[in-house]
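Asker:
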Amino acid sequence: MEPSHAKDHENRSVRRVSWRRPVAAFLIASLPAIILAATTPTWADSQDTAMEQCFGKDRGQRIEACTALLEQPISQSEKALAYAMRALAYSVKGQYQRALPDYDRAIELRTDFAIALNNRAWAHYKLGNIAEGFKDVERSLKLSPGSAHALDTRAHLKQSEGNAAGAVKDYRRAMVFGGSRMVRMYQCGLQTAGYFQGPLSGIVTPQLIAALETCAKLKSCDPLPPDEECRRLTS
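Encoded structure:
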């Protein structure tokens, strides 16, 4: 799951998580292919269904499915993924405090789980646990230095501390590694916030950088899009 936040961290969790937060797609890709047999339902069929729904795109089914899957005798790596995906589902619902124990368990089971570390960092950021967020995102970036989502998470953390210059540096690096989609995310978010008037071109321009610099000076400003509409436009 790479958070992102929950926002796009879902395409990041495990951000921001939605996007927190990429992540959901990564998790799904990391699993073996699931083949459902067209036979009378058995225990194995039930497990396969839970796995498909836990790691699928339907957020409504995810929490229940991951919970059911975690009650089955699955492998340690699958457990780590299931905990991470359930945590992501909680994060998407804004239940960050409830997500933390699941992120903790996922990382205990898989200490090199860079996406889960980034998503836990985003949860800490949303809860105001800035120091803890920095610890997690730095660990995540050591494991995955080119993660656009982790760079975005660190940028948000720096911005929350009043480090505007450091935040802009990480936002710019996030665009380098995240490519045109990440650029459009910032363009859309900043446009919605009233700081950017250009098109959603996916091209970094001086106007976009100026908007990011203005936003980064304000702790209340988030360059990420606040709603699903922006995310559809930038997908």
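Each number in this note's numbering corresponds to the 1-based position in the sequence shown with 558 added.
In this text, a Cβ means the ideal position worked out from N, Cα and C, and glycines have one as well.
(1) Should Pro781 go down as buried or exposed, given a rule of 16 or more other Cβ atoms within 10 Å for buried?
(2) Measuring alpha carbon to alpha carbon, tell me which residue in Ile761, Ala768, Ala657 is nearest Gly737.
(3) Roughly how many angstroms lie between the CA atoms of Gln634 and Thr669, to the nearest whole one?
(4) Could you give the distance in angstroms between the alpha-carbon of Ile665 and the alpha-carbon of Cys779?
(5) In the DSSP assignment, find the alpha helix (DSSP H) that holds Cys624 and state where it starts and stops.
(6) I need the boundaries of the alpha helix (DSSP H) containing Phe692, first residue and last residue.
(7) Can you look up Asn677 in the DSSP assignment and give me helix, strand or coil?
(8) Could you spell out where the alpha helix (DSSP H) holding Cys746 opens and where it closes?
(9) In angstroms, rounded to a whole number, what distance separates the CA positions of Tyr744 and Ile621?
(10) State the start and end residues of the unbroken alpha helix (DSSP H) segment that holds Arg644.
(11) Can you tell me whether Ser778 is helix, strand or coil according to DSSP?
(12) Taking 7 Å as the threshold (C-beta atoms), are Arg663 and Tyr641 in contact?
(13) Mapping DSSP to helix, strand and coil, what is Thr607?
(14) If I measure Cβ to Cβ from Ile767 and keep anything under 8 Å in the same chain, skipping five residues before and after, which residues do I get?
(15) Closer than 6 Å by C-beta to Lys716: which residues in its own chain qualify, once you throw out the five before and the five after it? Chain order, please.
(16) Mind checking which residues open and close the alpha helix (DSSP H) that includes Asp662?
(17) What does the Cβ neighbour count give for Ala587, buried or exposed, with the cut at 16 atoms within 10 Å?
(18) For Ser702, tell me which candidate among Glu690, Ile688, Ala732 has the shortest Cα-Cα distance.
(19) Does DSSP put Ile761 in a helix, a strand or coil?
(20) What number of angstroms, rounded off, separates the C-alpha of Cys773 from the C-alpha of Leu699?
(21) Can you check which of these residues, Arg644, Thr711, Val650, Leu627, is closest to Met740 by C-alpha distance?
Answerer: Reading off the structure:
(1) Counting Cβ neighbours within 10 Å, Pro781 comes out buried, since at least 16 surround it.
(2) Across the set Ile761, Ala768, Ala657, the C-alpha of Ile761 shows the shortest separation from the C-alpha of Gly737.
(3) Distance between the alpha carbons of Gln634 and Thr669: 12 Å.
(4) Looking at the backbone, the Cα of Ile665 and that of Cys779 are separated by about 30 Å.
(5) Run containing Cys624: 617-628, per the alpha helix (DSSP H) assignment.
(6) Counting along the chain, the unbroken alpha helix (DSSP H) around Phe692 starts and ends at 688-701.
(7) Correct three-state label for Asn677: helix.
(8) Counting along the chain, the alpha helix (DSSP H) containing Cys746 begins and ends at 722-751.
(9) Our two residues, Tyr744 and Ile621, have alpha carbons roughly 29 Å apart in a direct line.
(10) Taken as a continuous stretch (DSSP letters only), the alpha helix (DSSP H) holding Arg644 covers 634-650.
(11) Here Ser778 sits in coil by DSSP.
(12) Closer than 7 Å, so yes.
(13) Shown here, Thr607 sits in a helix according to DSSP, grouped into three states.
(14) If we look at Ile767 and ignore the five residues flanking it on each side, its Cβ neighbours are Val726, Arg730.
(15) Cβ contact annotation for Lys716 (same chain, cutoff 6 Å, sequence separation greater than five): Gly724, Ala725, in chain order.
(16) 654-667 is the span of the alpha helix (DSSP H), which, as asked, contains Asp662.
(17) Its pLDDT being 41, under 50, Ala587 is placed unreliably by the model, and the measurement read from it follows with that caveat. By the neighbour-count rule (16 or more Cβ atoms within 10 Å), Ala587 is not buried but exposed.
(18) Residue Ala732 holds the alpha-carbon nearest to the alpha-carbon of Ser702 among Glu690, Ile688, Ala732.
(19) Residue state for Ile761 is assigned as coil, using DSSP reduced to three classes.
(20) Straight-line measurement puts the Cα of Leu699 at about 24 Å from the Cα of Cys773.
(21) Met740 has its Cα closest to that of Thr711, out of Arg644, Thr711, Val650, Leu627.
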